[in-house]
Amino acid sequence: MYPSSRSRQKNPGHKFVISLHYQSATATTLFHRRTAAEHEYPTRSSLFHRYEACRGPHMKRKPLPVAILIAFVLMLPIAALTGPASGQDESIPDPFSDSPISPRAAIVEEAPVEESAAETVAAEEAATAETEEEQESDKPEEKPPTALQKIDSVFKNIVGLMEQVLFYRVFTSEQEYFQFEATSRAESRMNGKWVWESDGEYFYKEKLPKLLKMTKDEAEARAEQGDLINLDPAATTPVYFSVEHGGGAPIVVLWLAGGSLFFTFYMGFFNFWGFGHAIDVVRGKYDDPNEAGEVTHMQALSSALSATVGLGNIAGVTLAMTMGGPGAFFWMICCGFFGMSSKFAECTLGQKYRHVKPDGTVLGGPMRYLDVGLSELGFRPLGIILSITFTIMCILASFGGGNMFQANQSGTVMLEQLQETDKKELVRLNEALETANAAGNTQAVSDLSISIQTLQERIHNFDVNFRIVYGLILATFVALVIIGGIKRIGAAAEKIVPTMCGIYILACLYIIAMHIGQIPSLIALIFSEAFSPHAIGGGFIGVLVVGVQRAAFSNEAGVGSAAIAHSAAKTEEPIREGAVALLEPFIDTIVICSMTALVILITGAWNNEQWVINEKLAGAALTSRAFQSEVWFFPWVLSVAVILFAYSTIISWSYYGERSWEQLFGPRSTFIYKILTICFVFLGAVFNLGAVLDFSDMMILSMAFPNILGALILAPKIKRDLTDYWRRYKAGEFKKVN
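According to the working numbering, the sequence shown is numbered sequentially starting from 62.
Structure (structure tokens):
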């Protein structure tokens, strides 16, 4: 697996690394039916009232998280309008302009010849100091950071701390490397393969059997034998050893994977033997329009799917395979299979503890079952704490990863397609400028410089105008849906999700059909890379971690968000809706991600030297290039699919955030949340908020900690309900509609 960008450090020595040995280990752990009416809150349904009751009459202040949340959501729109986006280019003086005569040189010329050595040294020091002062004064004044840049800087520090917690690696081991210095950029090969370049460092990874663990002398001997060929004859290649701590798995990945494994075994593999029944439920065979709820089973499934099917399916698979090879996809499939049980558990609880209000609307999800469910077991303080924690995280996540990030990335993908011709022309003009410079043709240099500047201005102006127009259009379409609540969201998702999935799957199937003869060998490659002796001896754990991590980010099993959508389904049987929910990871990870994986393998994109190394393509960009290599217009198809994915994700996450907002602040304030959501769609499309979005993404992963902890404690209740439901199902107590 190539080293992540977080772990790379710039190295002026231009080193590349050959991985020799890798070891690691793994671990995991832990553990009665009420109707929905029994769990209805009194009229004061805001979580604050329950929180205040728990705290007692002597403490009547609003909890601190509320102030933090309000400050966060209000300062972003204000800050965004006070200055440019973080990282905006500042004016930089021309480094090739004529510099004035050095003051030090003038002083030295005027110095008397008979000056003593001490006086000469003193004069030179004074001249040096004066020169440095003048150089400092010549530097352009640094503009003070804007409010948006200050916010971005604060969140960057917060993200750094959260990464240390969420991505803290357990069960790490020492990993040995031998390194060669290289003097030129990407001009060294190892066994005929290019090295990997990033931030001035060169990395080459070779899967070696465990027995080939080398000493320093053996490494030097291997270099002398010509295993390393440096294409720069003048370069020296000293060899030395280094030992680094590597391997292990991020704690958040272990938490998600451990939870899914527990629920799978504890529920007796219901994700396998209950699959057929889940299909029948989605097909409407058990629909009853008179039951409490707001949407059908199909609409609930579509709403939840629309929040998970997206960039993770397009970019996540590609990232997994470029980092961990084809074997990583096998572990993505395994994680998707076990993740079905996590979705079943959390969505069953969402239905079981939902609150159906007098007007027929539903409030359900982790913020409900963590509070009410744990209170039933005598863990009321813990339940309230976990519920508030999850609620705040969900609101923040809905503004960032479920909103601004989607608007920004979908707009960028379409913008790249629209500007492709201009950017190719810019590359051509730059190449012509280099040629004219080399030939000394000053007139051509002048003309080309003007043309380049004009084209750059046109690209920049189009970028700004497009983002504003796209942001306004997307915000308008989002507003048309979310103002109508879950019924309109479900109706829209029921149409959008099958459409976007159909477009993407058809595009993939076309490429697969054109190369149908390769499919058996490619499937064999996936299995062989996942279980090969080389992988087991070296990168097995690394490949497994990459696959699990990308699958967790793709289907969100264990995060708890889907339980909010499924709690609105029309049914009085929580297990029935839980069965519907287990189809999500299957469709998301096992079906759609498999399509992407086969396209990446067919086109060879996962290890294409030109694309991955030279052009540094990754994620969605690499997937787009893979499609383009087969049919020239497929990137446009992919762009449309990405926009539909982003749109459906925004409207679904807006519902998740709205339900959480209502749980925290009460039902009368939900209109404020909807207005903020619409504003953030526009801001996300126009501005690049950097670390703020990273912080929001961390919130999505953090939601798994309170959610899975509560679900583990409530697991015996799920198991009893499942046993009772299946007994009644086998006894024929449930009548099919058709």
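The C-beta atom is built at its ideal place from N, Cα and C for all residues, glycine as well.
Using a Cβ distance threshold of 8 Å, Met382 and Leu643 do not count as a contacting pair. When beta bridges are read from the DSSP output, Pro311 appears opposite Arg230. Taking every protein chain shown into account, the CB of Asn522 has fewer than 16 other CB atoms within 10 angstroms, so this residue is exposed. A distance below 8 Å separates the beta carbons of Ser700 and Gln478.
Here the alpha carbons of Glu437 and Leu443 stand approximately 12 Å from one another. CA-to-CA, the gap between Ala499 and Ser510 works out to about 14 Å. Its Cα nearest to that of Glu486, the residue Thr515 stands out among Ala468, Met475, Thr515. As summarised for the region 673-738, the continuous alpha helix (DSSP H) elements at least 4 residues long and confined to that stretch are 680-689, 695-726, given in chain order. His416 carries a strand assignment under DSSP once its states are collapsed to helix, strand and coil. Going by beta carbons, Leu775 and Gly320 fall outside the 8 Å limit. Closest in alpha carbon position to Leu317, among Phe795, Pro767, Lys796, Arg788, is Pro767.
Residue pairing by DSSP places Leu424 opposite His416 in a beta bridge. Shown here, Val356 sits in a strand according to DSSP, grouped into three states. By alpha-carbon distance to Gly619, the top candidate from Val226, Gln360, Ile513, Thr369 is Thr369. Each residue's CA atom was taken as its position, placing Thr632 and Pro350 some 9 Å apart. CA-to-CA, the gap between Leu431 and Lys413 works out to about 12 Å. A contact between stretches requires three or more CB pairs, one per stretch, nearer than 8 Å, and the region 458-466 fails this requirement with the region 785-798. Of the candidates Ala540, Phe694, His576, Gly621, Ala540 places its Cα closest to the Cα of Ile736.
Straight across, the Cα-Cα distance linking Thr496 with Thr482 is about 21 Å. As computed with DSSP, Ala630 is found in a beta bridge with Val356. Boundaries of the alpha helix (DSSP H) harbouring Arg441: 441-460, taken from the DSSP string. In this structure, the beta-carbon distance from Leu683 to Pro387 does not fall below 8 Å. Here the C-alpha atom of Asn502 lies approximately 14 Å from the C-alpha atom of Glu492. Here the alpha carbons of Gly439 and Gly461 stand approximately 35 Å from one another. Under the three-state reduction of DSSP, His576 is assigned to coil, being neither helix nor strand.
Of the residues assessed, Ser730 falls on the exposed side of the cut-off, its CB having fewer than 16 other CB atoms within 10 angstroms. Cα atoms of Pro311 and Ala389: separation of roughly 16 Å, rounded to the nearest angstrom. Taking C-beta atoms as the reference points, Gly718 and Cys455 count as a pair closer than 8 Å. Counting the other Cβ atoms within 10 Å of the Cβ of Ser715 gives 16 or more, which makes it buried.
DSSP places Met401 in the helix class (H, G or I) of the three-state scheme. In this structure, the beta-carbon distance from Leu783 to Leu227 does not fall below 8 Å. Rounded to whole angstroms, the separation of the alpha carbons of Tyr531 and Thr537 is 10 Å.
For Trp334, the uninterrupted alpha helix (DSSP H) segment begins and ends at 331-334. For Leu583, same chain residues with a beta-carbon under 6 Å away, outside a window of 5 residues either side, are Leu662 in chain order.
Cβ-Cβ separation between Leu535 and Leu770: approximately 36 Å, too far for a contact (criterion under 8 Å).
Of all C-beta pairs linking the region 645-664 to the region 562-574, three or more are shorter than 8 Å, placing the two stretches in contact.
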